[in-house]
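So the protein lines, in turn, are chains A and B.
Under our numbering, the first residue of the first sequence carries the number 1, and numbering increases by one thereafter.
Under our numbering, the first residue of the second sequence carries the number 1001, and numbering increases by one thereafter.
Here the structure is laid out as structure tokens; the discussion comes afterwards.
Number of protein chains: 2
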Amino acid sequence: MNEEIVLGSQECVRSLAYVGDALYVIGGKWKLRVIIALREGNKRFNEIQRAVEGISARVLSNELKELEMNGFVKRIVHTKAPVVVEYQVTSYADTLKDVLHALSDWGEMHRNKIRREW
Amino acid sequence: MNEEIVLGSQECVRSLAYVGDALYVIGGKWKLRVIIALREGNKRFNEIQRAVEGISARVLSNELKELEMNGFVKRIVHTKAPVVVEYQVTSYADTLKDVLHALSDWGEMHRNKIRREW
DNA sequence: ATTAGCGCTAACCTTTTGTATAGTGCTAAT
DNA sequence: ATTAGCACTATACAAAAGGTTAGCGCTAAT
């Protein structure tokens, strides 16, 4: 038996678990897109909804709650005159930079590949 | 208006679309995990199922079909004596290396953070 | 002869995710 | 005075994703 393969296999088991952990909190159709919109500077509910094309108010509301629970977002209510609600990305969301970058780059490459094929 | 912010905003719109494209083909609970298992060297159906904890035969079957349609996997049938089916990762699956790495690293970091908090 | 493994697939059910519509109480603009 | 925007939430429903169970025809081992 080859040591390289055995080592690779152990790494794989770890990878499988870690990727599972990651997908558990940032998986799904919307979470990463909401985080991108927030990181860009969108702070208000309707602003975010417009930035993330296709998301409904109900789903956005749920996603924001989960993102808050997981420490990616802070919800700040300015209780005055018209009640204004602001969503802020936390510094923990910044730790996703590499993931976001890798996904975005791959998505770009993939889109170009698909276009070339048609 | 600040140029930096405007630039960042344009990049964001691209990012949103690209990440959307990426999630369209590799999103969901299982696809990346199946690819990891394949990359590790698992080639047979039941082998993959054992490697990817929790996946059912039905779901694995569907995922493999989609992965095949998207060019990540080749299905090879050895028609002899007992019919043996082999799944091979293509070189296109290798383009996901950075994504896999980033997600795995982040997942590891996140798991450690969670453990520290409890 | 029985059992276990292989590579699935069909049928059915539950859970998750998403959509559509309506509505609340407030303010600011027309 | 009406309309539009804000930040949602409730309700109801539909679609998509996933899980459970059973089973097929085959072979190799016990």
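No residue lacks a Cβ here, since even glycine has one placed at the ideal position from N, Cα and C.
Please read all numbers here as calculations on a predicted model, not as lab measurements.
From the DSSP output, read off the bridge partner residues of residue i.
i: A:I114; result: BP columns for A:I114 are empty, so no partner.
i: B:H1101; result: DSSP lists no partner for B:H1101.
Compare the C-alpha of residue i against each of the options and name the closest.
i: A:E83; options: A:V34, A:R75 and A:T90; result: What sits at residue 83 of chain A in the sequence shown is Val, not Glu. Among A:V34, A:R75 and A:T90, the Cα nearest to that of A:V83 is on A:R75.
i: A:L23; options: B:G1041, B:Q1049, B:W1118 and B:G1027; result: B:G1027
i: B:E1016; options: A:Q49, A:Y18 and A:V19; result: Note on residue identity: the sequence assigns Leu, not Glu, to residue 1016 of chain B. Checked all of A:Q49, A:Y18 and A:V19; the closest Cα to B:L1016 is A:Q49.
i: B:N1042; options: B:V1085, B:D1021 and B:M1069; result: B:V1085
i: B:V1073; options: B:R1039, B:I1114 and B:H1110; result: B:R1039
i: B:E1108; options: A:R111, A:V99 and A:L32; result: A:V99
Can you find a CB in chain A that lies within less than 8 Å of the CB of residue i?
i: B:G1020; result: yes
i: B:I1036; result: yes
i: B:R1126; result: In this structure chain B extends from 1001 to 1118, so residue 1126 of chain B is not present and cannot be described.
i: B:N1002; result: A caution first: B:N1002 carries a pLDDT of 41, below 50, which makes its placement in the model unreliable, though a value can still be read off. No, because no Cβ of chain A sits closer than 8 Å to the Cβ of B:N1002.
i: B:R1033; result: yes
i: B:L1064; result: no
i: B:K1074; result: no
i: B:V1052; result: yes
i: B:L1067; result: no
i: B:L1060; result: no
i: B:K1029; result: yes
i: B:V1099; result: yes
How big is the Cα-Cα spacing for residue i and residue j?
i: A:V25; j: A:Y87; result: 18 Å
i: B:K1080; j: B:S1104; result: 39 Å
i: B:L1096; j: B:R1044; result: 21 Å
i: B:I1035; j: A:H78; result: 46 Å
i: B:K1065; j: A:E53; result: 29 Å
i: B:G1071; j: B:Y1092; result: 7 Å
i: A:G8; j: A:S56; result: Any reading at A:G8 must be qualified, since the residue scores a pLDDT of 49, below 50, and its modelled position is unreliable; no value is offered.
i: A:R14; j: B:R1058; result: 25 Å
i: B:W1030; j: A:D94; result: 25 Å
i: A:E63; j: A:T90; result: 15 Å
i: A:W106; j: A:A51; result: 21 Å
i: A:N118; j: B:R1116; result: Contrary to the premise, residue 118 of chain A reads as Trp rather than Asn in this sequence. Each residue's Cα considered, the two are about 50 Å apart.
i: A:V19; j: A:E47; result: 31 Å
i: B:L955; j: B:A1037; result: Residue 955 of chain B is absent from the model: chain B starts at 1001 and stops at 1118.
i: A:L32; j: B:M1069; result: 25 Å
i: B:A1102; j: B:R1111; result: 14 Å
i: B:D1021; j: A:I114; result: 11 Å
i: A:L67; j: B:L1067; result: 29 Å
Just checking: is the beta-carbon of residue i within a distance shorter than 8 Å of some beta-carbon in chain B?
i: A:S15; result: yes
i: A:S91; result: no
i: A:E108; result: yes
i: A:S104; result: yes
i: A:V84; result: no
i: A:D94; result: no
i: A:V77; result: no
* Asked: Taking only runs of the alpha helix (DSSP H) that begin and end inside the segment 40-98 of chain A, which ones reach a length of at least 4 residues, in chain order?
  -> Complete alpha helix (DSSP H) runs here, min 4: 45-51, 57-69 and 91-94.
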